[in-house]
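2 protein chains.
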Amino acid sequence: MRRDSKLSGVLHVLLHMAEIEGPVTSEFLAGVMQTNPVVVRRIMAGLRDRGYVHSEKGHGGGWRIACDFEAVTLRDIYDALGAPEIFAMGNRSEAPGCLVEQAVNAAMDESFREAEALLMAQLGRVTLATLSADFHARLAARGGDFNLETAHAV
Amino acid sequence: MRRDSKLSGVLHVLLHMAEIEGPVTSEFLAGVMQTNPVVVRRIMAGLRDRGYVHSEKGHGGGWRIACDFEAVTLRDIYDALGAPEIFAMGNRSEAPGCLVEQAVNAAMDESFREAEALLMAQLGRVTLATLSADFHARLAARGGDFNLETAHAV
DNA sequence: CGGTCATGAAACATGTAAAGTTACATGAGG
DNA sequence: CCTCATGTAACTTTACATGTTTCATGACCG
Chain E
1358 MRRDSKLSGV LHVLLHMAEI EGPVTSEFLA GVMQTNPVVV RRIMAGLRDR
1408 GYVHSEKGHG GGWRIACDFE AVTLRDIYDA LGAPEIFAMG NRSEAPGCLV
1458 EQAVNAAMDE SFREAEALLM AQLGRVTLAT LSADFHARLA ARGGDFNLET
1508 AHAV
Chain D
1358 MRRDSKLSGV LHVLLHMAEI EGPVTSEFLA GVMQTNPVVV RRIMAGLRDR
1408 GYVHSEKGHG GGWRIACDFE AVTLRDIYDA LGAPEIFAMG NRSEAPGCLV
1458 EQAVNAAMDE SFREAEALLM AQLGRVTLAT LSADFHARLA ARGGDFNLET
1508 AHAV
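Protein sequence lines, in the order shown, are assigned to chains E and D. Counting the first sequence from 1 gives a position; my numbering is that position plus 1357. Counting the second sequence from 1 gives a position; my numbering is that position plus 1357.
What follows is the structure in structure tokens.
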């Protein structure tokens, strides 16, 4: 395991769901993502709480998209995941008594804060519909002979 | 342990060194950073290779600043550390066969790439001299009664 | 020259967090 | 009432930054 890939993973799941009729089980999505159904439920939980997806138990149950792809941005999805830490780097201590460290923290914080703001703005500019359209463009470029069901087979 | 704090740590060390006459031992710097001398040598190795600092063995040995604080930016220091990973988030897989994942990766990569570019530009704008000046301003604001030697005591 | 102090570097230990796994409870159909 | 699917908690695994131990190398000092 290396970096947090929840955002990447959940977007992958959503776009696949959009291509499939009817509810999809965690187990199926786990196959798509080559992971465990519980991992899928975990990352979907935040989206469910925000109403972006809906889940149903029992026979014929599973996950269903419950939002307008035009209206939801990557920023929204990021927030639904609990706004996980963006940067792999940070200050050694947050509230240092040392004035040197205060100066270092202040300089680094400002740079990182601005980069974060830009990233959030970028993510807010991309909707799920944008992503889906990009996928369909790639599909068309391939002549549409792409099989979603087998694309993840090992 | 949480996030990579090498950049924060090495800047802290450099600013302290600037306030001290003559060479400084890893052991002393380790005290300042509340860590181990080996950790100090480890993060300083990259700076030594680039000539930003100089090290000497034996009696009276230690570390010495060997660069112009006006000329070296935080970006330079970041590079000297080996340009460690900036983001805590990333793609699940880098070269996916799945077209959906390709679309997801493309969108995320672009956002992250722009945020990274901005961050690098920000870091390139701040010199070690800027940081040092900021520290001295904080020092003056305190009336200059700040003792560097004891600022890290527990 | 031998003793001591310092860096250099490799090898190993530890702590933390993401991701993976197991287990069981809950509810929906059939 | 049996099976399927989600909901969740607890536990395991893995990766990695950091911490630690150890020894080699070289410099200075008496």
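The beta-carbon is built from N, C-alpha and C at its ideal position, and this holds for glycine as well.
Close Cβ partners of residue i (< 8 Å) along its chain, the five nearest in sequence each way excluded
{"i": "G1403(D)", "result": "A1437, L1438, G1439"}
{"i": "I1400(D)", "result": "K1363, G1366, V1367, V1370, L1438"}
Euclidean distance between Cα positions of residue i and residue j
{"i": "V1389(D)", "j": "G1366(D)", "result": "10 Å"}
{"i": "D1433(D)", "j": "D1466(E)", "result": "17 Å"}
{"i": "R1495(E)", "j": "E1471(E)", "result": "33 Å"}
{"i": "Q1479(D)", "j": "Y1435(D)", "result": "12 Å"}
{"i": "H1406(E)", "j": "N1448(D)", "result": "The sequence as given places Asp at residue 1406(E); His does not occur at that position. Rounded to the nearest angstrom, the two C-alpha atoms are 24 Å apart."}
{"i": "Q1391(E)", "j": "I1377(E)", "result": "18 Å"}
{"i": "Y1409(E)", "j": "A1474(E)", "result": "24 Å"}
{"i": "S1450(D)", "j": "L1364(E)", "result": "12 Å"}
{"i": "G1417(D)", "j": "G1379(D)", "result": "9 Å"}
{"i": "A1497(D)", "j": "A1490(D)", "result": "10 Å"}
{"i": "T1507(D)", "j": "V1461(E)", "result": "With a pLDDT of 49 at T1507(D), under the threshold of 50, the modelled position of that residue is not reliable, and the figure given next carries that caveat. Looking at the two C-alpha atoms, the distance is approximately 18 Å."}
{"i": "V1457(E)", "j": "A1445(E)", "result": "22 Å"}
{"i": "H1411(E)", "j": "I1443(E)", "result": "27 Å"}
{"i": "L1499(E)", "j": "P1394(E)", "result": "It should be noted that the sequence gives Arg, not Leu, for residue 1499(E). So the two alpha carbons sit approximately 30 Å from each other."}
{"i": "A1464(E)", "j": "L1476(E)", "result": "19 Å"}
{"i": "F1469(D)", "j": "G1415(D)", "result": "46 Å"}
{"i": "L1485(D)", "j": "C1455(E)", "result": "17 Å"}
{"i": "Q1459(D)", "j": "F1426(E)", "result": "18 Å"}
{"i": "W1420(E)", "j": "P1453(D)", "result": "24 Å"}
Boundaries (first-last residue) of the beta strand (DSSP E) holding residue i
{"i": "H1416(D)", "result": "Neither: H1416(D) is in no beta strand (DSSP E) and is coded neither H nor E."}
Unbroken alpha helix (DSSP H) run spanning residue i, endpoints
{"i": "R1495(E)", "result": "1485 to 1498"}
{"i": "L1431(E)", "result": "1431 to 1437"}
{"i": "E1467(E)", "result": "1456 to 1482"}
Chain D residues whose Cβ lies nearer than 9 Å to that of residue i
{"i": "A1486(E)", "result": "In chain order: nothing, as chain D lies at least about 12 Å away."}
{"i": "H1373(E)", "result": "C1455, V1457"}
Beta-carbon neighbours of residue i, restricted to chain E and to distances below 9 Å
{"i": "E1413(D)", "result": "The premise fails here: E1413(D) is roughly 23 Å from chain E at the closest Cβ pair, so nothing lies under 9 Å."}
{"i": "R1421(D)", "result": "Correct list: empty, because the minimum Cβ distance to chain E is about 18 Å."}
Residues near residue i by beta carbon distance below 6 Å, same chain, minus five either side
{"i": "A1510(D)", "result": "No answer about A1510(D) holds up, because its pLDDT of 44 lies below 50 and its placement is not dependable."}
{"i": "F1386(E)", "result": "Contrary to the premise, residue 1386(E) reads as Leu rather than Phe in this sequence. The answer, listed in chain order, is V1370, V1397."}
{"i": "L1431(D)", "result": "L1480, V1483"}
{"i": "M1374(E)", "result": "V1381, I1422"}
{"i": "A1428(E)", "result": "none"}
{"i": "C1424(D)", "result": "Y1409"}
{"i": "S1383(D)", "result": "P1394, V1397, R1398"}
Proximal residues of chain E, C-beta to C-beta of residue i below 8 Å
{"i": "P1441(D)", "result": "A1445, M1446"}
{"i": "D1491(D)", "result": "A1460, A1463, A1464"}
{"i": "V1483(D)", "result": "A1464, S1468"}
{"i": "D1361(D)", "result": "A1445, M1446, G1447"}
Same chain, Cβ closer than 7 Å to residue i, neighbours up to 5 away in sequence not counted
{"i": "F1492(E)", "result": "L1372"}
{"i": "P1441(D)", "result": "D1361, K1363"}
{"i": "L1488(E)", "result": "L1368, L1372"}
Identified DSSP bridge partners for residue i
{"i": "D1361(E)", "result": "M1446(D)"}
{"i": "V1381(D)", "result": "W1420(D)"}
{"i": "V1410(E)", "result": "I1422(E)"}
Closer than 8 Å at the beta carbon, the chain D residues around residue i
{"i": "H1369(E)", "result": "R1449, C1455, V1457, E1458, V1461"}
{"i": "L1364(E)", "result": "M1446, M1465"}
{"i": "L1431(E)", "result": "A1464, M1465, S1468"}
{"i": "L1404(E)", "result": "None at all; the shortest Cβ gap to chain D is about 15 Å."}
7 Å Cβ cut-off: residues of chain D touching residue i
{"i": "E1471(E)", "result": "L1475, Q1479"}
Contact list for residue i against chain E, beta-carbon separation under 7 Å
{"i": "L1386(D)", "result": "Chain E residues near L1386(D): none, gap ~12 Å exceeds 7 Å."}
{"i": "R1495(D)", "result": "L1456, Q1459, A1460"}
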